[in-house]
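J.: This is the structure I want to talk about, given as structure tokens.
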Amino acid sequence: MSSPALDSLLAAQPNWIAGDGSDLAARRSAGLEQLRLQGLPTLRDEDWRYTSLKILEKQRLQPIHQSDVVSNETLESTFLSDLSGPRLVFVDGCLVPELSATQNLPDGVRIGELTDTVTADVSLCAALGSCLPAQGHGFIPLNEAYLGKGACIHIGRNVHLEQPVQLYYINSGTVAGAAVLPRNLLVLEEGAEAVVLERYIGLGDAVSFTDVQTEVCLGANAGLQHYLLQEETQAAFHIGGLYVRQYQDSRLVSHVIHLGGRLVRRDLDVRLCGTGATCELNGLYVGTGRQHIDNHTVVHHEQPQGTSKQLYKGMLDDRSRAVFHGRVVVSEGASKTDAQQNNRNLLLSKFAEVDSKPQLEIYNDDVKCSHGAAVGQLDTDALFYLRSRAIDKALARRILTVAFAREVVEKIPLPALRKHITEQLESSLLRGLH
Numbered sequence: 019m020s021s022p023a024l025d026s027l028l029a030a031q032p033n034w035i036a037g038d039g040s041d042l043a044a045r046r047s048a049g050l051e052q053l054r055l056q057g058l059p060t061l062r063d064e065d066w067r068y069t070s071l072k073i074l075e076k077q078r079l080q081p082i083h084q085s086d087v088v089s090n091e092t093l094e095s096t097f098l099s100d101l102s103g104p105r106l107v108f109v110d111g112c113l114v115p116e117l118s119a120t121q122n123l124p125d126g127v128r129i130g131e132l133t134d135t136v137t138a139d140v141s142l143c144a145a146l147g148s149c150l151p152a153q154g155h156g157f158i159p160l161n162e163a164y165l166g167k168g169a170c171i172h173i174g175r176n177v178h179l180e181q182p183v184q185l186y187y188i189n190s191g192t193v194a195g196a197a198v199l200p201r202n203l204l205v206l207e208e209g210a211e212a213v214v215l216e217r218y219i220g221l222g223d224a225v226s227f228t229d230v231q232t233e234v235c236l237g238a239n240a241g242l243q244h245y246l247l248q249e250e251t252q253a254a255f256h257i258g259g260l261y262v263r264q265y266q267d268s269r270l271v272s273h274v275i276h277l278g279g280r281l282v283r284r285d286l287d288v289r290l291c292g293t294g295a296t297c298e299l300n301g302l303y304v305g306t307g308r309q310h311i312d313n314h315t316v317v318h319h320e321q322p323q324g325t326s327k328q329l330y331k332g333m334l335d336d337r338s339r340a341v342f343h344g345r346v347v348v349s350e351g352a353s354k355t356d357a358q359q360n361n362r363n364l365l366l367s368k369f370a371e372v373d374s375k376p377q378l379e380i381y382n383d384d385v386k387c388s389h390g391a392a393v394g395q396l397d398t399d400a401l402f403y404l405r406s407r408a409i410d411k412a413l414a415r416r417i418l419t420v421a422f423a424r425e426v427v428e429k430i431p432l433p434a435l436r437k438h439i440t441e442q443l444e445s446s447l448l449r450g451l452h
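Residue numbers (our numbering): 19 to 452.
In structure tokens:
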């Protein structure tokens with residue numbers, strides 16, 4: 019269905035291809051054709067029935083070819099100063115080499131801009147797109163239609179990268195309707211280990227749109243800690259996905275933290291393709307004002323002895339709304355599967371809303387699976403206790419709210435990141451509590 023947002027993106031795409039001579043042009047053309055046929059999701063799509071795109075559809079969006087001028091001092095102020103390691107910095111989707119740091123990488127490690135890295139390696143080019151779902155929503159072919167910008171991380175066999183790789187995507191907020199559509203590819207060979215942090219940060223007040231899709235291929239016995247920290251502005255539309263394929267005895271720990279955005283939709287799709295593969299999925303989302311935050315997770319247990327654990331917690335204030343839809347699919351041959359799923363939500367206003375739908379699809383008897391969902395308010399007894407200790411109401415509510423989030427935050431082993439998230443929760447994000 020036609021809309022100003024889709025029409026503007028379709029119109030701009032041919033110029034994007036003409037300005038880029040990479041070998042990915044054929045894939046962009048195929049993505050464009052699929053987008054024309056499929057369109058963007060609507061409320062008639064089951065997975066989007068609680069998330070209306072009407073506000074986004076009214077925007078006139080313009081993909082950015084080059085970043086706007088933002089001082090290095092401003093950009094550097096967004097970095098986590100206590101966190102060292104390789105870093106790629108993108109402003110309005112464009113790589114900023116002088117602020118990136120990929121020198122002196124260990125043998126077997128490649129970190130670089132997507133197009134340059136994958137076109138120089140046949141195996142990486144083949145991996146690109148292999149983790150995406152066969153029947154994805156319309157934002158996936160949209161991302162494919164603009165394929166080229168983004169990051170590629172390749173960790174060779176049995177290489178353990180000790181320092182975290184940081185991917186900074188910073189929106190300058192100076193171009194109204196700026197659209198950024200990066201693709202990230204992470205490939206960890208057999209026995210490799212890495213930590214990767216994706217941060218999405220908004221500056222300025224202009225409306226912006228991000229459509230980011232990240233693919234992860236984990237070889238046998240590989241291990242990845244992945245962090246997604248979304249801190250865009252209240253004028254930002256953020257659509258993204260993390261698509262993971264895990265093979266024998268591989269390990270994934272995912273942390274998804276939403277602290278910003280006007281309309282947010284994140285998909286997390288994990289396929290346990292090998293025996294003994296495990297994943298732990300943790301999430302925290304904070305809604306204020308009229309924010310809308312939609313998290314969709316699905317874990318496919320395709321082989322025996324797989325383990326998955328999910329814990330997503332949300333805090334909703336004002337007139338914000340959240341959606342959590344979590345699916346666990348256990349295939350017929352996936353015996354000895356152990357799958358746990360839990361979603362808990364705290365409503366801080368009588369106008370806040372949440373739709374929670376945990377779901378199990380089990381096609382094997384020899385499994386151990388459970389799921390649960392809870393929606394509640396602050397504990398009145400605990401609130402009364404704090405008030406009786408001469409703590410004012412606003413501070414008491416703040417203490418209890420941060421305590422609710424702590425279960426997820428304390429699962430983060432990076433002290434600098436844990437500190438940053440805690441500070442955000444304790445200050446600007448909770449200033450409206452009363």
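Ideal Cβ placement from N, Cα and C applies to all residues, glycine included.
Do residue 225 and residue 194 have their C-beta atoms within less than 7 Å of each other?
T.: yes
J.: Whole angstroms is fine: what's the gap from residue 309's alpha carbon to residue 201's?
T.: 25 Å
J.: Report whether the distance from the Cβ of residue 239 to the nearest heavy atom of the ligand FMN is below 6 Å.
T.: This structure lacks the ligand FMN, and indeed carries no ligand of any kind.
J.: Just how far apart, CA to CA, sit residue 362 and residue 392?
T.: 5 Å
J.: DSSP on residue 272, reduced to helix/strand/coil?
T.: strand
J.: To test your reading of the DSSP string, which unbroken alpha helix (DSSP H) runs of 4 or more residues are found completely within the segment 125-187?
T.: 132-137, 140-145 and 157-163
J.: Just how far apart, CA to CA, sit residue 254 and residue 228?
T.: 8 Å
J.: Examine the Cβ distances between the segment 123-137 and the segment 93-103 and report whether three or more of them are shorter than 8 Å.
T.: no
J.: Can you tell me whether DSSP reads residue 197 as helix, strand or coil?
T.: strand
J.: Put residue 15 into one of helix, strand or coil per three-state DSSP.
T.: Examination of residue 15 is not possible in this model, given that the chain is present from 19 through 452 alone.
J.: Could you tell me which of 261, 136, 188 and 328 sits nearest to residue 251, measuring between CA atoms?
T.: 188
J.: DSSP has residue 202 in a bridge; who is on the other side?
T.: Residue 202 pairs with 232.
J.: Answer with buried or exposed for residue 304, where buried requires no fewer than 16 other C-beta atoms within 10 angstroms of its C-beta.
T.: buried
J.: To the nearest angstrom, how far is it from the Cα of residue 107 to the Cα of residue 398?
T.: 45 Å
J.: Considering only C-alpha positions, which residue in the set 328, 320 and 331 is nearest to residue 353?
T.: 320
J.: Can you tell me whether DSSP reads residue 21 as helix, strand or coil?
T.: coil
J.: So what does residue 310 bridge to, in DSSP terms?
T.: Paired residues: 281 and 339.
J.: Could you tell me whether the segment 292-299 touches the segment 268-277, where touching means 3 or more Cβ pairs closer than 8 Å?
T.: yes
J.: Who are the near neighbours of residue 409 in its chain, counting only those whose CB is closer than 8 Å to its CB and skipping five residues on each side?
T.: 417
J.: Nearest-angstrom Cα distance between residue 401 and residue 338?
T.: 23 Å
J.: Measure from the alpha carbon of residue 58 to the alpha carbon of each residue in 83, 234, 28 and 84, then state which is nearest.
T.: Ranking 83, 234, 28 and 84 by Cα distance to residue 58 puts 28 first.
J.: For residue 63, collect the residues of the same chain with a Cβ closer than 8 Å to its Cβ; drop the 5 residues on either side in sequence, then sort them by chain order.
T.: Closer than 8 Å at Cβ, skipping near neighbours: 155.
J.: Is it the case that the Cβ atoms of residue 178 and residue 214 are separated by a distance below 7 Å?
T.: no
J.: Please state if the CB of residue 279 and the CB of residue 256 are separated by a distance shorter than 7 Å.
T.: The answer is yes: Cβ separation under 7 Å.
J.: So what does DSSP say about residue 225, is it helix, strand or coil?
T.: The answer is coil: DSSP assigns residue 225 none of H, G, I, E or B.
J.: Does the Cβ of residue 212 have 16 or more other Cβ atoms within 10 Å, making it buried, or fewer, making it exposed?
T.: Label assigned to residue 212: buried.
J.: Could you pull the DSSP bridge partners for residue 305 from this structure?
T.: 334
J.: In the DSSP assignment, the beta strand (DSSP E) including residue 217 goes from what residue to what residue?
T.: 211-220
J.: Between which two residues does the alpha helix (DSSP H) carrying residue 424 extend?
T.: Run containing residue 424: 411-427, per the alpha helix (DSSP H) assignment.
J.: Report the residue ranges of all beta strand (DSSP E) runs contained in full by the segment 59-126; include only those spanning at least 3 residues, in chain order.
T.: Here the runs fully enclosed are 105-109.
J.: Once you ignore the five residues that flank residue 375 on each side, which residues in its own chain have a CB closer than 6 Å to its CB?
T.: 343
J.: By how many angstroms is the C-alpha of residue 318 removed from the C-alpha of residue 192?
T.: 41 Å
J.: Going by other Cβ atoms of all chains shown within 10 Å of its Cβ, with 16 needed for buried, is residue 452 buried or exposed?
T.: For residue 452, the predicted structure reports a pLDDT of 48, less than 50, and the residue's modelled location is therefore unreliable. The matter cannot be settled from this model.
J.: Report the residue from 286, 411, 414 and 404 whose alpha carbon sits nearest the alpha carbon of residue 65.
T.: 286
J.: Taking the CB atoms as reference points, tell me whether residue 420 and residue 331 lie closer together than 7 Å.
T.: no
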